[in-house]
Each structure stands twice: as structure tokens, then as C-alpha cells.
Amino acid sequence: MASTKLKAVDAVVVGSGVAGSIACKELAETGLQVVCLERGRMLDANHDFAMPYAHDELKFWRHSDLIQNLSRETLTFRNAMNETALPMREIGSFKPGECVGGAGVHWGGQTYRFLPWDFEPRSRTLERYGKGQISEDCTSQDWGITYDELEPYYDQFEHLYGVGGKAGNLNGEIQPGGNPFEGPRSREFPNPPKEPTFAGLLFAKAAESLGYKPFPTPSSAMTRPYTNPYRLMLSQCVNGGYCGHFACAMGARGTPLTTVLPALLKHKNFELRPLSNVIKVNLDSDKKRAVGVTYVDARGREIEQPADLVILASYTFNNTRLMLLSGIGKPYDPVSNQGVVGRNYSYQTMGGVSLFFDDKVFNRFMGGGGLGTIVDEYNGDNFDHTGLGFIGGAFLAVHSAGNLPIRSHPVPPGTPHWGSGWKKAVAHYYNRALLISVHGACQSYRSNYLDLDPTYRDAHGLPLLRVTFDFQENDHKMQIYTADKAAEIGKAMGPSKMKVSPAIEKYSIVPYQSTHNNGGAVMGADPATSAVNKYLQSWDVSNVFVIGASAFPQNSANSPTGTVGTLACWAADSLKDNYLKRPGALV
Amino acid sequence: MGDSDNVAQAHAFGYLTQPEVRFLDAALARLIPADELGPGAKEADVTYFIDQQLVSSWGNHGRNYRMGPWREGTPQQGFQSPLTPQEIYRVAIREANIYCSKQYGKTFNVLTTEQQDEVLHGLESGKIELESVSSKLFFSMLLRNTEEGFFSDPMYGGNRDKIGWKLIGFPGVAAFNYAEHMDKHNVPYRVEPVSILDIQQGRVRVDAQGYPKHVMLSKKD
Numbered sequence: 022m023a024s025t026k027l028k029a030v031d032a033v034v035v036g037s038g039v040a041g042s043i044a045c046k047e048l049a050e051t052g053l054q055v056v057c058l059e060r061g062r063m064l065d066a067n068h069d070f071a072m073p074y075a076h077d078e079l080k081f082w083r084h085s086d087l088i089q090n091l092s093r094e095t096l097t098f099r100n101a102m103n104e105t106a107l108p109m110r111e112i113g114s115f116k117p118g119e120c121v122g123g124a125g126v127h128w129g130g131q132t133y134r135f136l137p138w139d140f141e142p143r144s145r146t147l148e149r150y151g152k153g154q155i156s157e158d159c160t161s162q163d164w165g166i167t168y169d170e171l172e173p174y175y176d177q178f179e180h181l182y183g184v185g186g187k188a189g190n191l192n193g194e195i196q197p198g199g200n201p202f203e204g205p206r207s208r209e210f211p212n213p214p215k216e217p218t219f220a221g222l223l224f225a226k227a228a229e230s231l232g233y234k235p236f237p238t239p240s241s242a243m244t245r246p247y248t249n250p251y252r253l254m255l256s257q258c259v260n261g262g263y264c265g266h267f268a269c270a271m272g273a274r275g276t277p278l279t280t281v282l283p284a285l286l287k288h289k290n291f292e293l294r295p296l297s298n299v300i301k302v303n304l305d306s307d308k309k310r311a312v313g314v315t316y317v318d319a320r321g322r323e324i325e326q327p328a329d330l331v332i333l334a335s336y337t338f339n340n341t342r343l344m345l346l347s348g349i350g351k352p353y354d355p356v357s358n359q360g361v362v363g364r365n366y367s368y369q370t371m372g373g374v375s376l377f378f379d380d381k382v383f384n385r386f387m388g389g390g391g392l393g394t395i396v397d398e399y400n401g402d403n404f405d406h407t408g409l410g411f412i413g414g415a416f417l418a419v420h421s422a423g424n425l426p427i428r429s430h431p432v433p434p435g436t437p438h439w440g441s442g443w444k445k446a447v448a449h450y451y452n453r454a455l456l457i458s459v460h461g462a463c464q465s466y467r468s469n470y471l472d473l474d475p476t477y478r479d480a481h482g483l484p485l486l487r488v489t490f491d492f493q494e495n496d497h498k499m500q501i502y503t504a505d506k507a508a509e510i511g512k513a514m515g516p517s518k519m520k521v522s523p524a525i526e527k528y529s530i531v532p533y534q535s536t537h538n539n540g541g542a543v544m545g546a547d548p549a550t551s552a553v554n555k556y557l558q559s560w561d562v563s564n565v566f567v568i569g570a571s572a573f574p575q576n577s578a579n580s581p582t583g584t585v586g587t588l589a590c591w592a593a594d595s596l597k598d599n600y601l602k603r604p605g606a607l608v
Numbered sequence: 003m004g005d006s007d008n009v010a011q012a013h014a015f016g017y018l019t020q021p022e023v024r025f026l027d028a029a030l031a032r033l034i035p036a037d038e039l040g041p042g043a044k045e046a047d048v049t050y051f052i053d054q055q056l057v058s059s060w061g062n063h064g065r066n067y068r069m070g071p072w073r074e075g076t077p078q079q080g081f082q083s084p085l086t087p088q089e090i091y092r093v094a095i096r097e098a099n100i101y102c103s104k105q106y107g108k109t110f111n112v113l114t115t116e117q118q119d120e121v122l123h124g125l126e127s128g129k130i131e132l133e134s135v136s137s138k139l140f141f142s143m144l145l146r147n148t149e150e151g152f153f154s155d156p157m158y159g160g161n162r163d164k165i166g167w168k169l170i171g172f173p174g175v176a177a178f179n180y181a182e183h184m185d186k187h188n189v190p191y192r193v194e195p196v197s198i199l200d201i202q203q204g205r206v207r208v209d210a211q212g213y214p215k216h217v218m219l220s221k222k223d
């Protein structure tokens, strides 16, 4: 198909989610002409998320049009290389966004920093435990950047998104009430934490009785009216539930739509083009330089947008797929362990301990994103792993994020799946149950990777991304160990019934787990094991930057969004301070 | 005319045929039965809800990947049938009724409740095999849709009179003042649930932000 070639711009950004919106705003502030291409539609908060229609669980939990439309493009999946990958035909395990704001519109709001250890897991493990602690096929590695380097950008992102929380470490001094294990913060959170819920207090009391130090979950649901550094105002969260998987009807959660876009759209040198699906980054003849991108617009026209700078800031899968489709970087080959694009795909291990009470009610439908109480004693390397046979860990937490009945009607073990027995248990326990999440890390392995599928294609005839992934021994051992610790806390909370469920043994794409997909275009200090350098710049094509959870070499226990936004702030600063002054390889 | 026929007549079905309505009414009455706790899925019009879901984009897999080749795959690879939910309900109900006729000499809806439970368990476990579609797949879809129809907003045709929400004490559309109640620990928040349908039809008023004011239930409600 002949494509229409547009006038060149300075920078084109692919994706308008958490990463893309920040990259656009920071670049637009320098006066560059910036175009953002977003595959999804434009949203109008006043109409798309108006009350009472925003409180529709069937629509937003089950059938949301904010989520990727798989009829046009999906991915294929298999657990292992000896299986045939088949298309993910319906949404299940994760929910990539497809709208202006991306998955950032429906995210849950828990806004963590990764631990300093998380950025250097391999070297610190070798230092503390020696070589035997990490299995040979594990490819988890250092990020090529440290917590201290990223700290100012965590701080920047937290102020953009109005995060509420309590510092546990201010410039090296441990603070009561916060997370004593966190890396040093340069200042307090911009907003105070939410008041703990009844469920959170029960958990905190039990955790304290076992010697742990519970603290409030850092959250991007506003704990008071807040004006961010882009001069945008967010209203206070009213704990109405309908939070994660939903777009907040109050505009009270930090998202690209509430914290960045209204300010971004005021820049005359910025243009947002929704319903524009980028299918390729165009390179010059020696493949060393990008000359722009090609996208398909809402009318199906193929359009070429030339640009001096190309920033891929779409979802993890699409960042990697665009690199593979465009020939940027060497594709990963798991057999020889050579190549980098598609390497180190990881996920999140989600276990839990369900507690059922007969003498307590929790009003579980109330609450909001990130309203919770956590302990971090079993996260990262906060505990001695000697003799445990695994690295990494999990945070243990009780969250009151608003439990709605289609998704959440927990019943004790042994309850029939249907019939009067089921009905009775649901009626009794809907409001008398709670979950301690065992929110675990996920290491990277040679056998877990992304490449292009040989069979299945998207609506444009382009190969789908193929995901080969399964949880591995390290993940299982870690989950069993940490779920056991969660069960001890659970027992101390005095439930009448309890069910311990570490993360599923064999990864399945069917049940929803988390939209925490990582890797494929990982950052690092060595071009032999990373696709982008520490500035998120392609090693091979220096005017292409790839920002997102695609850059995570493996996953921490903590949810990724805080670090995704932080990487965007960091990359944008590197672009402004270094790249734009002297375009070329920054390393 | 049986009870189930009366329920069926209350709605204009967009997809389901009358034998299918009778099958579903009977199945729903076993999955979430009317009992001492109150009405069940059949009384909540979940059959009509399923009908409406089947004519929606979901029923046609409007947002699903639908290109071949088709292979069965592993359980971990998820849904791999070439059929849409519309087609699955149609063929699975027909084939389940054929099984019932062979086994018991009657279609599913006129079996005894014990026989109906036997058939449902057989579909759930895969012990009863259907010709065109996995019986487990059909059963899990039916159970999922039943729960959805029992707990979703009545504007989708099920959860009539907010039967499902009243059963579990779910208030529906949230009120603006939850924060005040969240400090009251271990005190159930018992209100007359409010649906989007209630607000659409003017039965419940909303404040300037669009939130309803909940009416608290008294002890004896």
C-alpha cells in the first residue's frame, strides 16, 4: 500500500500512557515539535466516566472498551518452547490499555519504589551468598542504573501523580510509621497516607505481634485535593470502590488523563493523534538511524511520519514487537542465549491467603486504589536467603480497593461451586472475608522470552508477538516461603477459616493476575544482554528510545507503575540535558 | 403452562429459542436456587440477561481474536474454540438435551432436580461429552454468565429487583459519603441498594456529582 508521507517533526512518541504522556510533556516543554501516536480512541472524562455509568462492574471489569481490542491484534502464548503457541483469543491474565492514557486509565494506584536491591540483584546476591544462589538458566541481572540515580525521578513522578504515603527513610534516617526497608527518600510524599481500614488495622496488629513493621501502601488516589507540578488539580478520593479496572468518576486518581494530558494539550507544538496504530519504525539504509514511523489511521490509511527522534512508549508487548518488526536490535535466541530483543520477559507472582470471619464485617465494597497496609520484611533481600534456594521475595498486604461482587465473592475451601451451599457461603462471606496478598517478584529465565509468531497475524497481516513463559523454580520456592509467612499473620488475625494459595504452579493466561508484564527490551550496562542502555536509548539505533516496563530486566515484588513513570522522567531528563544538545549515543 | 414459561413470556428474547429458554431457566434454578435465603438466578431473570449478553458484542466475540488456525491447546492457553458464545449456547443446549433424552427419556427442563444436578455435574467435570464443544467449556461459560447476571447492574436485564445485591449486602452504585462510615469498624453498612437502572428511571435522585444518597435499612429489614 502506498503511504502518505507527512511533514517531518522533531519527535514522535508512540503511546500516550503513563510513560508516553510524560515523555511528550517534558519534550514539548523544550519547544520541540512533538507528535504522539496513540492506537486507542480519545477519551472525554465528563462523558466516558460520568456517574452513575462509571459504576458498572460488568462493563469495566469484564467488557471494557478501554482494554486492547483483540479482534485486530493479540499475542500468542505457550508455556514452553516445545509447545505450539496459540493466540490469546480473549482478555484474561492481563489488561493492556487501548485508549488515550493507555493502561494508566484503569490502573489500581499502588505506587511503589523498587528497593535499592532490586536494581542490582545479581551482583548483590553474588556478594552476599555466592554463586550457587542463582540457578544457571536464570538471566536476572543488574539494571545498569542504581536506586540512588533514580531517586530524584521517583520523587518527580510521585509529585506528578500526587502519591499519598509515609516515608520510612528520609535521607538515611528511619522514620516511624513508614517502610524501614525502603531506599532513602530526599523528602516526604506530597500527600499523607490514607487512614487504615478496619481490615488494615487487623492486619497491622497481627503483623506487629509477630515483630513486623506495617506501613500504609503508597497510593495515587488523592488523600486531599492536590495541585501537581503541571498545575493540574485532582480531587480527593471518596473511597467509592470502582477503582482499579475502572476509570475514576471523580478524577481522584493519578492517571495520564488527570496529571499530564490537560497540560500537555495546551502546548501548540504538541499534537495528539488517537486511533493511529504504529506498525513500524522506519530506518535509514544502514539501519543505524530512524527516519520516522509508519502508522495506520482510523480510516485504514497508511501514513508515514518522519521524525528526528522516535520514542517507543507503548505497552511492554508492543514496544518489543515494534523493535522486532522494525529490525532494531538483534532478536533474542534462547537456544544460543544470544541477541537481546525479546530477552528477559517476566511477570508477577500473585499468591494470597484468604481469611473468613464469622464475627467481623469489612464493608468490602468501600475503598480505593492502594488503600492498604503492608509489610516488607519478606521483600527483595530484606531477609536472609541463606539455604532458602531462591532470591527475591514478596510484599504481604491487605488492600481495601473496593471489592465488587462479580469479580469477588470469596468462599471458604470445601464450598460447592454452585447450588444452595454456594449461595449460602457467598451470602455469608461476601462481606466477612479478606485477602492477604502475597505480591511476589518474578525472575527472568532463558526459556521465558518474546519473539514473532511464525503462524498468527494481526489485522494488517503482520506477525503477532509470541510469548513463551512459565513460572520457574525460584518463583515457586519464593511463593511457598512467603505465602507461609502471610499465613502466620493470617492465623494471628483470628479467622474462623483460612485458605493459603501461593501463585499457581503453571502459568495460565486465563485468570486475571496482574497487568504487570515486563521485559523484552531491557535496559543494562552491556549491549550483549540489554536492548537499551541506562538512558533507555537503543544500543543500535541511537535516535530511538524505548520506555516502559519493557525495560525491566526482571520484576520486583512491587507493582511496576511507579517505576515506569520514574523511568519516563529519567529518560526525558537525559534527552533534555544530554541527547538534544549532542544527538548520538549517550553511552 | 409451567412456571418457567411464565417467566419466559415476560421478555422479548433476542437470540434464545423457547426450548433454550426452558433449558436455561431449569439450569439456573439449580445453579443459584430459590431457597430459604430468597429468590435465585431464575427469579432474577438471569436467562434474559444471558440472552442479552448473547446478542451483545461479547456474544459474537466482537473484541476477541477470531482468526485460525484452530487447535485445542492446553488449558493454560485458554479459549480456543472456533465457536462464538452464541454458537456455543445453541449447540451445547441442543446436544445436552439429546444426552438427557437418551439417558432419561426427557429433555433437561423436565428432569427431576436430582437428575438435573447429575447432568450439570457431568457437564462441569467433562464426564458427559458433547459433540461440538467441550462440555467443561460450556459449563464454565454458563456458570460465569449466571454469576454475572446475578450480580451485575439490573440495566443488563438480570439481577431483577437487585436480588443478588440484597442477598450479599452490596449497595450497588456508591454513595459519596463512604469515608464517614469507614471509621466505624465492624459495623455493617446496610442500605437499600441503588442501581444505574434506578437512577436512569428516576427512582433514585443523585447529588451534584451524580452520586445517590443511600437509604439505611432498619434493624428489621
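First to last, the protein sequences are chains C and V. Note that the working numbering gives residue 274 to position 253 of the first sequence, counting from 1, and the numbers run on in steps of one. Note that the working numbering gives residue 177 to position 175 of the second sequence, counting from 1, and the numbers run on in steps of one. Here a beta-carbon is modelled for each residue, glycine too, at the ideal position from N, C-alpha and C. These numbers come from a predicted model, not from an experiment.
- With a threshold of 8 angstroms between beta carbons, Val-608(C) makes no contact with chain V.
- Per DSSP, the beta bridge partners of Arg-274(C) are Ala-242(C).
- Close CB contacts of Lys-168(V) within its chain, under the 8 angstroms cut and outside five residues either way in sequence, are with Gly-40 and Pro-195 (chain order).
- Of all residues in the segment 164–193 of chain V, the ones placed with a Cβ closer than 9 angstroms to any Cβ belonging to chain C are Gly-166, Trp-167, Leu-169, Ile-170, Gly-171, Phe-172, Pro-173, Gly-174, Val-175, Ala-176, Ala-177, Phe-178, Asn-179, Tyr-180, Ala-181, His-183, Met-184, Asp-185, Lys-186, His-187, Asn-188, Val-189, Pro-190 and Tyr-191, in chain order.
- In chain order, His-63, Gly-64, Arg-65, Asn-66, Tyr-67 and Arg-68 make up the part of chain V whose C-beta sits under 8 angstroms from the C-beta of Ser-92(C).
- Burial of Val-396(C) is indicated by the presence of at least 16 other C-beta atoms within 10 angstroms of its C-beta.
- By the C-beta density criterion, Lys-234(C) is buried, having at least 16 other C-beta atoms within 10 angstroms.
- Neighbours of Ala-448(C) in chain V, taken as residues at a C-beta separation under 7 angstroms, are given in chain order as Leu-39, Leu-169 and Ile-170.
- Under the three-state reduction of DSSP, Asp-329(C) is assigned to strand.
- For Ser-207(C), the secondary structure class from DSSP, reduced to helix, strand or coil, is coil.
- Classified as buried, Gly-586(C) has 16 or more neighbouring CB atoms from the shown chains inside 10 Å of its CB.
- Bounds of the alpha helix (DSSP H) holding Ser-230(C) are 219–230.
- Here the segment 180–196 of chain C makes contact with the segment 204–212 of chain C; the two share three or more CB pairs at distances below 8 angstroms.
- Val-135(V) has a beta carbon lying at 8 angstroms or more from every beta carbon in chain C.
- Between Leu-96(C) and Arg-478(C) the beta-carbon gap is near 12 angstroms, outside 8 angstroms, which marks them as no contact.
- Sequence-distant Cβ neighbours of Arg-192(V) in its own chain, meaning closer than 8 angstroms and more than five residues away, are Gly-171, Met-218, Leu-219 and Asp-223.
- With a threshold of 16 other beta carbon atoms within 10 Å, Gly-442(C) falls short and is exposed.
- Under the DSSP assignment, Tyr-106(V) falls in the alpha helix (DSSP H) whose first and last residues are 87–106.
- For a cut-off of 8 angstroms, the C-beta gap from Gly-61(C) to Cys-120(C) is around 4 angstroms, short enough to register as a contact.
- The beta-bridge partner set that DSSP reports for Asp-354(C) consists of Gln-359(C).
- For Leu-343(C), the enclosing alpha helix (DSSP H) starts and ends at 337–347.
- Using a Cβ distance threshold of 8 angstroms, Lys-287(C) and Ser-375(C) do not count as a contacting pair.
- Here Glu-194(C) carries a strand assignment [DSSP, helix/strand/coil].
- When CB distances to chain V are screened at a threshold of 8 angstroms, the residues of the segment 69–82 of chain C falling below it are Ala-71, Met-72, Pro-73, Tyr-74, His-76, Asp-77, Glu-78 and Leu-79, in chain order.
- Of all residues in the segment 463–483 of chain C, the ones placed with a Cβ closer than 8 angstroms to any Cβ belonging to chain V are Thr-476, Tyr-477 and Arg-478, in chain order.
- Residue-level contact by beta carbon holds for Asn-452(C) and chain V, with a gap shorter than 8 angstroms.
- Taken atom to atom, the span from the alpha-carbon of Asn-576(C) to that of Leu-199(V) is near 43 angstroms.
- At least one CB of chain C lies nearer than 8 angstroms to the CB of Thr-76(V).
- By the neighbour-count criterion, in which 16 or more other beta carbons inside 10 Å mark a residue as buried, Lys-527(C) falls on the exposed side.
- Rounded to the nearest whole angstrom, the CA to CA distance from Gly-401(C) to Pro-426(C) is 33 angstroms.
- Closest in C-alpha terms to Arg-205(V), from the list Val-189(V), Tyr-106(V), Asp-163(V) and Ala-181(V), comes Asp-163(V).
- Distance from the CA atom of Ile-332(C) to the CA atom of Glu-104(C), rounded to whole angstroms, is 34 angstroms.
- Taking all protein chains shown into account, Ala-94(V) has 16 or more neighbouring C-beta atoms within 10 Å of its C-beta and is therefore buried.
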